[in-house]
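Residue numbers (our numbering), protein chains in the order written: chain X, 614 to 1022; chain P, 1170 to 1346.
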Amino acid sequence: MSDDESNLTAQEERVAAALRLTLREVSEESPLNVDGSAWVAKNPRRRPNGRRLPLGMAAALVVMLVGAIAFASLPRGAGQGSPSPSLPGTPGHFDNGSFSFDYPATWATLAGEYYEGLASQVFAVMGTGDWKTGCYTTANGGGCTGDVVNASGGRIVVKVYELVGRPVSTCGGDTAASATLGPNAVSKSTDGPTTTWEIRMPGADFGGANNVFVEVWAGGAPQLAQAEALVSSFRWAANTTSGGHCYSAAQSGRYDDGNYSFDYPTDWLLISGRSIATPDETDVVLGTGTWASGCGGGGCTPVVDVSGGKIVVRVWRRIDGPPDGCMGYNQATATFGPNAVSESKEGSAVMWQIRLPGAEFGWMGNVFVEVWAGGASGRAQAEALVASFRWADGSTAGGVVCPTPTPTT
Amino acid sequence: MERELVLAARLGDEVAFARLIQEEAPRTYRAVLAVVRSPEDAQEVMQDASIRAWRQLPGLRDPGNWAAWFRRIAVNQALDRAGRQGRIRLHEISPDSFEAEVGRDPSSGWAERAAVMAALQLLPKEDRAVLGLRFGADLAVPDVAAALAIPLGTAKSRLHRALGRLAAALGDDDVRR
Chain X
614 MSDDESNLTA QEERVAAALR LTLREVSEES PLNVDGSAWV AKNPRRRPNG RRLPLGMAAA
674 LVVMLVGAIA FASLPRGAGQ GSPSPSLPGT PGHFDNGSFS FDYPATWATL AGEYYEGLAS
734 QVFAVMGTGD WKTGCYTTAN GGGCTGDVVN ASGGRIVVKV YELVGRPVST CGGDTAASAT
794 LGPNAVSKST DGPTTTWEIR MPGADFGGAN NVFVEVWAGG APQLAQAEAL VSSFRWAANT
854 TSGGHCYSAA QSGRYDDGNY SFDYPTDWLL ISGRSIATPD ETDVVLGTGT WASGCGGGGC
914 TPVVDVSGGK IVVRVWRRID GPPDGCMGYN QATATFGPNA VSESKEGSAV MWQIRLPGAE
974 FGWMGNVFVE VWAGGASGRA QAEALVASFR WADGSTAGGV VCPTPTPTT
Chain P
1170 MERELVLAAR LGDEVAFARL IQEEAPRTYR AVLAVVRSPE DAQEVMQDAS IRAWRQLPGL
1230 RDPGNWAAWF RRIAVNQALD RAGRQGRIRL HEISPDSFEA EVGRDPSSGW AERAAVMAAL
1290 QLLPKEDRAV LGLRFGADLA VPDVAAALAI PLGTAKSRLH RALGRLAAAL GDDDVRR
């Protein structure tokens, strides 16, 4: 027993012992596999076909964790004696629901979908050359050191992948293509024997998450031309929008992270994604102005520019604990649409707190909509956003239901 | 050692990050299990928490605070999930489901475990979090407070209250001795 437990009553000690034993036994019965492929196999969480998850974050996160925890998730490749893996689509035409491209049907499939550590998700490796993954596993995890490829003698190896888990950053505006192949404006780079084309997801910058890379080891000019033809044939699925951090809101208009959703004007940009600066967790920052968290030295002082009638909206939650029980903090000071909110000022920003169903103001999990508006129209836009705010079905404050707010007189 | 691993992981060292997770995940898993009650949900929470930790690692200002920081992420993920669970999935591990466990060794303690897990569902998720961190992750109360970002006094009072509620939910006779 620790010092902490020396003050427990006999009953509390019994309960604590029972709970400790139960949690240990249940966890041993359903162990957490933190370094093998079993965990992944138990919870296959695949990218949905067609439209991406909201803001693409969930998909990127899942993919990355699969890599993080399961370095053993190595390619289902066509090694010696192994059957050739199948690719989505038809022979000569890859189509995984998110994007498609053509390739010579005579090419061998060298690997199907797999994850390379934390860095990337490979969709396919194909061609006529020799290829072997550079990824490995050890008792302590694993890693990837680079592919082992031989495309000499007029052969070719093509690897199609995306980078995942890139840090959230603001829009850099890096959209300048260095080559155009078919309808695709791409960023072309070479590194030793390889040529790589980065294909932007519609609305994304180069360097953004979810862009697709086509990396080629070509044994000669004809093979390079084949790779260029592949890139030329590349097409994103209809309605695909950037799942990353930089896209035109004109292609969206409703934010939905699974916990809650709201509408926003279509000319707003996504300025920043999720970030944590205790005790706050920012879910998203949107608008037409600029914003930087200004975090450092133990605090955050946002740097915001909404000059010229621009607007910035930060939607965030407090991640420290709620108060003990219902304290009567339920007096709303403003109402937008069906949402009764608590309005406050925070520097130059106005902030509206939206309660979790059943919760009171001040509780963990409540959502704050913080608005810097450079003009009256911006304020009206923000109010419309709050009016459109909806919690996901089933959202509760841990089953607690505090008394219904008393209307303000 | 942990500090060096965090610094390496912040620079993109995946192996270092995997070692950090390997070190901290098992105990945090038990805490998460108390909150969401379903092993499958707990494993998904741990997955999501690990991903989020990797993404947010550059923002961790004090590398020495890694463990508490990761636990906080995991527990908040668990609380989020518990909030969405409502009361629909709470009988995944319950005495009722014991009836379906044909062939299970009665001496395995399944019924007792099921009773405790079922009792947990009667508690607010915040109570389950404090209990899970204290008795699942075996953290000292100050570490529980740090993981929940609440004052020490609040952690102590919440722990006391949660134990009382769990005892009431179990009934003294049901408590495993």
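From the three backbone atoms N, C-alpha and C, an ideal C-beta is built for every residue, glycine too.
If you ignore the 5 residues before and after Glu726/X, its C-beta comes within less than 6 Å of the C-beta of Phe736, all in its own chain and listed in chain order. Taking the Cα positions, Gln1216/P is about 28 Å away from Leu1332/P. Pairing Cys908/X with Leu723/X, the inter-Cα distance amounts to about 46 Å.
DSSP assignment within the stretch 929-990 of chain X yields the following whole beta strand (DSSP E) runs of 3 residues or more, N-terminal first: 947-949, 952-959, 962-967 and 980-986. Cβ atoms of Val738/X and Lys772/X come within 8 Å of each other, at about 5 Å.
Of the candidates Pro1320/P, Leu1317/P, Glu1281/P and Leu1291/P, Glu1281/P places its Cα closest to the Cα of Glu638/X. From the listed residues Arg1206/P, Glu1192/P and Pro1195/P, the smallest Cα separation to Lys1294/P is found for Arg1206/P. Boundaries cannot be given for Lys923/X, as no alpha helix (DSSP H) includes it and DSSP labels it neither H nor E. Thr741/X sits buried, since 16 or more C-beta atoms from the chains shown fall within 10 Å of its C-beta. Residue pairing by DSSP places Asn763/X opposite Asp743/X in a beta bridge. Cα atoms of Trp744/X and Gly766/X: separation of roughly 14 Å, rounded to the nearest angstrom. The contact set of Gly1301/P on chain X, defined by CB atoms closer than 9 Å, consists of Leu632 and Leu636 in chain order. Taking a C-beta distance under 9 Å as the contact criterion, Arg1188/P and Leu1174/P qualify as a contact pair. When DSSP reads this structure, Gly900/X sits in a beta bridge with Leu882/X and Val925/X. With respect to Ile884/X, Gly902/X sits close: the two C-beta atoms are nearer than 9 Å. Taking the CA atoms as reference points, Ala1318/P sits about 52 Å from Pro796/X. Less than 9 Å divides the Cβ of Glu841/X from the Cβ of Leu794/X.
Less than 9 Å divides the Cβ of Val1310/P from the Cβ of Leu1328/P.
Thr746/X sits buried, since 16 or more C-beta atoms from the chains shown fall within 10 Å of its C-beta. As DSSP reads the structure, Glu811/X sits in a beta bridge with Ser800/X and Phe826/X. Boundaries around Leu1328/P are those of the alpha helix (DSSP H), Leu1321 to Leu1339, since no beta strand (DSSP E) includes it. Under the 10 Å beta carbon count, Ser699/X is surrounded by fewer than 16 other beta carbons and is classified as exposed. Identification of chain X residues near Ala1287/P by a Cβ-Cβ cut-off of 9 Å yields none; the smallest Cβ-Cβ distance measures about 10 Å. DSSP, read as helix, strand or coil, puts Val1313/P in helix. DSSP lists Cys908/X as the bridge partner or partners of Cys913/X.
With respect to Trp929/X, Asp876/X sits apart: the two C-beta atoms are not nearer than 9 Å. For Ala1336/P, the chain X residues whose C-beta falls within less than 8 Å of its own C-beta are Gln624, Glu625, Arg627 and Val628, listed in chain order. Shown here, Arg627/X sits in a helix according to DSSP, grouped into three states. Segment contact: the stretch 960-978 of chain X against the stretch 938-949 of chain X, three or more CB-CB distances shorter than 8 Å; contact assigned.
Counting along the chain, the unbroken alpha helix (DSSP H) around Phe1186/P starts and ends at Glu1183 to Val1205. Put simply, the backbone Cα of Ala1005/X is about 29 Å away from that of Asn824/X. For the stretch 1202-1216 of chain P, the beta-carbon criterion of a distance under 8 Å to any beta-carbon of chain X is satisfied by Leu1202, Ala1203, Pro1208, Glu1209, Ala1211, Gln1212, Glu1213, Met1215 and Gln1216.
Under DSSP, Thr703/X takes part in a beta bridge, and its partners are His706/X.
Chain-ordered listing is empty here: chain P has no CB closer than 9 Å to the CB of Leu883/X, the nearest sitting near 16 Å. Residue contact check for Pro1232/P against chain X: no CB pair falls below 9 Å. In the displayed model, Ser1219/P falls within a helix according to three-state DSSP.
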